[in-house]
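Enquirer: Same order as they appear, the protein sequences are chains A and B. No gaps in the numbering here: position 257 of the first sequence is 257 in the working numbering, and each next residue is one more. No gaps in the numbering here: position 161 of the second sequence is 568 in the working numbering, and each next residue is one more. One structure is given below, represented as structure tokens, and several questions about it will come after.
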Amino acid sequence: MSEPVIYLDNNATSRVADEVVEAMRPYLTDRYGNASSMHRFGGAMRRVIDQARQSAARLLGCEPDEIVFTSGGTESDNAAIRGIVKLAPEKRHIITTRVEHPAVRTTCRQLQREGYRLTELAVDRQGRLDLEELRQVLGDDTVLVSVMTANNETGVIFPIAQIAELVRSRGAILHTDAVQAAGKVPLNLSQMPVDLASVSGHKFHAPKGVGILYVRRGTALAPLLVGGHQELGKRAGTENVAGIAALGAACKLALDHLPDQQRRVKPLRDRLEAGLLRDCLDARVNGDREHRVPNTTNISFEYVEGEAILLLLDRLGICASSGSACTSGSLEPSHVLRAMGVPFTAVHGSIRFSLSRYTTDREVDTVIREMPAVIRRLREISMFHPERDATAAAPTERTIRLGPRSS
Amino acid sequence: MWDYTEKVKDHFFNPRNVGIIEDPDGVGQVGSLACGDALKLMFKVDAAGRIVQVKFQTFGCGSAIAAASALTELIQGKTIAEAEAITNRDIADYLGGLPEQKMHCSVMGREALTAAIENYRTGGRAEHILEGKVICTCFGVTEQEIRRVIRENRLTTVEQVTNYCKAGGGCGGCHADIEQLCRQENAEPAPAAQTPPAPEPAKPRKKLTNIQKIELVRKTLDEQVRPALQADGGDLELIDVEGDRVLIALRGMCAQCNVSEFTLAEVVQAKLREFVADTLVVEEYKGS
Chain A
1 MSEPVIYLDN NATSRVADEV VEAMRPYLTD RYGNASSMHR FGGAMRRVID QARQSAARLL
61 GCEPDEIVFT SGGTESDNAA IRGIVKLAPE KRHIITTRVE HPAVRTTCRQ LQREGYRLTE
121 LAVDRQGRLD LEELRQVLGD DTVLVSVMTA NNETGVIFPI AQIAELVRSR GAILHTDAVQ
181 AAGKVPLNLS QMPVDLASVS GHKFHAPKGV GILYVRRGTA LAPLLVGGHQ ELGKRAGTEN
241 VAGIAALGAA CKLALDHLPD QQRRVKPLRD RLEAGLLRDC LDARVNGDRE HRVPNTTNIS
301 FEYVEGEAIL LLLDRLGICA SSGSACTSGS LEPSHVLRAM GVPFTAVHGS IRFSLSRYTT
361 DREVDTVIRE MPAVIRRLRE ISMFHPERDA TAAAPTERTI RLGPRSS
Chain B
408 MWDYTEKVKD HFFNPRNVGI IEDPDGVGQV GSLACGDALK LMFKVDAAGR IVQVKFQTFG
468 CGSAIAAASA LTELIQGKTI AEAEAITNRD IADYLGGLPE QKMHCSVMGR EALTAAIENY
528 RTGGRAEHIL EGKVICTCFG VTEQEIRRVI RENRLTTVEQ VTNYCKAGGG CGGCHADIEQ
588 LCRQENAEPA PAAQTPPAPE PAKPRKKLTN IQKIELVRKT LDEQVRPALQ ADGGDLELID
648 VEGDRVLIAL RGMCAQCNVS EFTLAEVVQA KLREFVADTL VVEEYKGS
């Protein structure tokens with residue numbers, strides 16, 4: 001058993017709920033049948049899958065036959081985007097945003113290399129979209145618009161219902177990556193003209209490797225995976241019965257606990273945020289605080305670097321994540337924060353805390369108590385500390401050195 | 408999570424020689440807030456020419472702090488000549504190795520050391536300034552620096568060069584140039600058919616008319632500088648050219664990114680000197 005941690009990285013992945021483990025256990029042990037089999041031992045799996053489908057439909061606010069089980073968010077994103085453009089080869093324009101998850105971004109950019117025209121919508125300093133810009137770029141040639149419901153790094157929620165109306169009015173298809181919204185805010189997919197939505201189980205206490213692609217009735221989709229009739233021909237492959245049963249259980253729990261997100265998780269997140277802003281100097285929140293999922297806060301601690309913060313937090317048993325370049329393995333910091341125009345002084349020191357319904361008051365208090373010392377310690381090592389002597393390349397100073405060095 | 412050695416962790420959690428020397432004999436600062444890491448190295452030298460006191464300040468990730476700390480232990484008590492022989496490899500080896508993508512932290516250490524020694528030798532006059540042809544505009548890395556890193560670490564690919572000195576890690580516009588440098592340093596003849604050498608823009612050295620000069624400045628900015636800035640949400644505007652004075656204004660992200668150790672004006676100046684005329688002086692327009 002590993003040592004207990006304060007887990008505030010739920011947008012990366014989340015703890016598998018005990019009830020979910022119990023729900024999937026039979027299908028990992030005694031009940032290993034294949035739902036497509038002719039015998040009852042396998043055929044009984046069909047009912048298990050149907051039940052999960054109903055639970056999923058209730059969480060997403062749609063009909064069960066609009067649910068396609070997949071291996072997760074990335075597959076759902078790929079399947080949605082590829083599956084739509086394939087069926088309308090005469091249309092050559094795709095619209096997405098500059099802050100999408102790589103699963104959407106990379107797929108769209110690949111299509112761009114294959115000859116599609118791609119528009120990536122900008123966001124403002126708060127991470128908000130300009131719907132007027134969307135209105136202007138939508139054309140008769142636009143086949144697909146892919147806009148996330150909530151951002152994984154900042155938690156900022158886009159006005160999907162309004163976007164859906166706009167996209168529908170211009171005859172294009174709307175896909176939304178709802179991975180960070182499902183289970184955190186109510187989704188009523190049937191109530192708005194969204195055509196496709198991606199959901200990932202492990203973000204709300206199901207295990208990794210199972211997700212959902214919502215496909216609105218009447219939306220034609222070319223399957224990404226072929227070679228079987230499963231999932232109404234929209235996704236071939238023997239059903240992951242244990243994973244699907246687990247996802248069904250997680251959907252049911254998420255729906256039951258949805259009011260808690262506003263009632264309990266949000267106040268905790270707000271307390272964490274307020275405490276950190278109060279006790280750590282030069283800290284700022286990234287993203288629109290009014291329109292955010294209840295569990296996420298993204299805070300920049302200026303003049304320090306994110307990976308160093310995470311390493312010190314890790315030693316205290318606190319798990320979070322960062323948009324800094326050094327945590328990604330690339331040299332470029334978070335594309336989301338850069339698209340928002342967050343200054344470099346802040347982007348490298350950005351830390352995302354993402355809570356869950358398992359987060360306790362005590363854990364939040366511990367982080368509020370420990371964080372100031374972590375930040376202070378790194379600022380003491382840094383030459384960019386704002387309170388240090390001004391000659392040591394203080395961030396507000398700028399000396400343009402021109403000409404040969406003798407000058 | 409990075410797989411850091413115990414030694415890296417030790418130097419990160421317990422960094423040695425952090426701080427400032429009020430009156431250093433040598434000081435060198437490299438990197439910037441924009442690039443994500445920076446290092447300032449200071450030392451005192453005794454009458455016998457030995458480094459007797461050394462301090463550092465670092466803004467950066469775990470391995471950047473560890474590499475700086477290791478560097479101070481490596482040079483403590485050494486003569487300047489001995490210290491000068493230290494390579495980034497020595498810093499990485501001292502730490503029991505660094506992840507490949509983090510090797511640039513060891514290079515930053517060596518660069519700061521080089522800059523501090525130069526500063527010491529010139530009696531505190533020399534600052535680390537951007538010299539020579541800038542290859543990577545995103546991270547402000549020169550040809551000279553890339554060649555040195557390739558040689559000292561026997562690098563062969565663009566990806567390695569990016570891991571070691573960040574060059575090529577931004578917009579990617581310089582990958583062909585870096586590839587060429589790798590080939591040259593490894594003394595392999597360029598395969599003629601596969602990668603034709605990047606067309607060298609004409610470098611007019613004859614006296615330009617003012618109109619020609621402005622045109623060439625504009626063209627160089629459009630082709631050589633702006634793509635990298637725009638990839639980062641920034642831009643620049645050419646305000647005026649008066650004789651050899653080129654006035655530029657920074658826009659968007661670039662306007663806030665005012666903490667670079669090399670300034671944007673320097674990068675632009677290096678590019679313009681390379682492609683237009685080596686007498687040009689770039690100034691930032693501060694008016695509204």
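Note that CB positions come from ideal geometry on N, CA and C, so glycine has one too.
#1: Which of the residues in the region 304–324 of chain A, read from start to end, lie with their CB under 9 Å from any CB of chain B?
#2: Going by beta-carbon coordinates alone, are residue 120(A) and residue 336(A) separated by less than 7 Å?
#3: Which value, in whole angstroms, describes the spacing of the CA atoms of residue 308(A) and residue 168(A)?
#4: Which parts of the region 42–95 of chain A are runs of the beta strand (DSSP E), unbroken and 3 residues or longer, counting only runs that do not cross its ends?
#5: Provide the residue span of the beta strand (DSSP E) that contains residue 197(A), from first to last.
#6: Under three-state DSSP, which class holds residue 210(A)?
#7: Evaluate residue 564(B) with the Cβ neighbour count: other Cβ atoms within 10 Å of its Cβ, from every protein chain shown; 16 or more gives buried, anything less gives exposed.
#8: Where does residue 483(B) fall in DSSP's three states?
#9: Distance cutoff 7 Å, beta carbons only. Does residue 441(B) sit that close to anything in chain A?
#10: Are there 16 or more other CB atoms within 10 angstroms of the CB of residue 261(A), so buried, or fewer, so exposed?
#11: Compute the Euclidean distance between the alpha carbons of residue 540(B) and residue 678(B), then round it to the nearest angstrom.
#12: Given that a residue counts as buried once 16 or more other Cβ atoms are within 10 Å of its Cβ, and exposed if not, what is residue 510(B)?
#13: If we count the other Cβ atoms within 10 Å of its Cβ and call it buried at 16 or more, is residue 600(B) buried or exposed?
#14: Could you work out which residue in 574(B), 515(B), 642(B) is closest to residue 550(B) when comparing CA atoms only?
#15: Flag this pair as touching only if the region 301–317 of chain A and the region 361–379 of chain A have three or more C-beta atom pairs under 8 Å; answer yes or no.
#16: Just the Cα atoms here: how many angstroms apart are residue 358(A) and residue 568(B)?
#17: Can you confirm whether residue 451(B), when its beta carbon is compared against all beta carbons of chain A, has any partner nearer than 7 Å?
#18: Extract the residue ranges of the beta strand (DSSP E) inside the region 119–195 of chain A, only unbroken runs of 3 or more that lie entirely within it.
#19: Residues of chain A with a CB under 7 Å from the CB of residue 464(B): which are they?
#20: Taking 8 Å as the cut-off, does the region 545–560 of chain B touch the region 491–506 of chain B (at least 3 CB pairs, one atom from each stretch)?
#21: Once you ignore the five residues that flank residue 188(A) on each side, which residues in its own chain have a CB closer than 7 Å to its CB?
#22: So with CB distances below 7 Å, who are the chain A contacts of residue 472(B)?
#23: Is it right to say residue 27(A) is buried, meaning 16 or more other beta carbons lie within 10 angstroms of its own, or is it exposed?
#24: Could you name the residues of chain D that residue 419(B) contacts, counting a contact when the two beta carbons are closer than 7 Å?
#25: Can you tell me which of 674(B), 452(B), 672(B), 507(B) puts its alpha carbon nearest to the alpha carbon of residue 351(B)?
#26: Quick one, are the C-beta atoms of residue 466(B) and residue 475(B) less than 7 Å apart?
#27: Return yes when the Cβ of residue 57(A) is within less than 7 Å of the Cβ of residue 67(A), no when it is not.
#28: Count the other C-beta atoms from every protein chain shown that fall within 10 angstroms of the C-beta of residue 527(B), then say buried if there are 16 or more, exposed otherwise.
#29: Once DSSP output is grouped into helix, strand and coil, what is the label at residue 230(A)?
#30: Give the residues from the region 670–691 of chain B that approach chain A closer than 8 Å (Cβ to any Cβ), ordered along the chain.
#31: Taking Cβ positions only, does residue 581(B) come closer than 7 Å to chain A?
#32: Mind checking whether residue 283(A) and residue 87(A) have CB atoms under 7 Å apart?
#33: Could you name the residues of the region 340–370 of chain A whose beta carbon sits closer than 7 Å to any beta carbon of chain B, in the order they occur along the chain?
#34: Considering only C-alpha positions, which residue in the set 424(B), 631(B), 451(B) is nearest to residue 431(B)?
#35: How far does the beta strand (DSSP E) with residue 416(B) in it extend, from its first residue to its last?
#36: Short check: CB of residue 296(A) to CB of residue 350(A), under 7 Å?
Expert: So, to answer that:
#1: 304, 305, 306, 307, 308, 310, 311, 312, 314, 315, 324
#2: Residue 336(A) is positioned such that its CB atom lies no closer than 7 Å to that of residue 120(A).
#3: 46 Å
#4: Here the runs fully enclosed are 67–70.
#5: 196–200
#6: coil
#7: exposed
#8: coil
#9: yes
#10: buried
#11: 7 Å
#12: buried
#13: The predicted position of residue 600(B) is uncertain, since its pLDDT is 49 and thus under 50; no value can be drawn from it.
#14: 574(B)
#15: yes
#16: 44 Å
#17: With a threshold of 7 Å between beta carbons, residue 451(B) makes no contact with chain A.
#18: 142–146, 173–177
#19: Those within 7 Å of residue 464(B) in chain A are 381, 382, 383.
#20: yes
#21: 61
#22: 308, 381
#23: buried
#24: This model lacks chain D altogether, as its protein chains are A and B.
#25: Limits of chain B in this structure are 408 at one end and 695 at the other, which puts residue 351(B) out of reach.
#26: The answer is no: Cβ separation not under 7 Å.
#27: yes
#28: It is buried - the Cβ of residue 527(B) has at least 16 other Cβ atoms within 10 Å.
#29: The DSSP-derived three-state label of residue 230(A) is coil.
#30: Taking 8 Å as the Cβ-Cβ cut-off against chain A, the residues of the region 670–691 of chain B that qualify are 670, 672, 673, 676, 688, 689, 690, 691.
#31: no
#32: Their beta carbons are not under 7 Å apart, which means residue 283(A) does not touch residue 87(A) by this criterion.
#33: Within the region 340–370 of chain A, those residues whose Cβ lies closer than 7 Å to any Cβ of chain B are, in chain order, 341, 343, 344, 345, 348.
#34: 451(B)
#35: Not the beta strand (DSSP E): residue 416(B) falls in the alpha helix (DSSP H), residues 413–420.
#36: no
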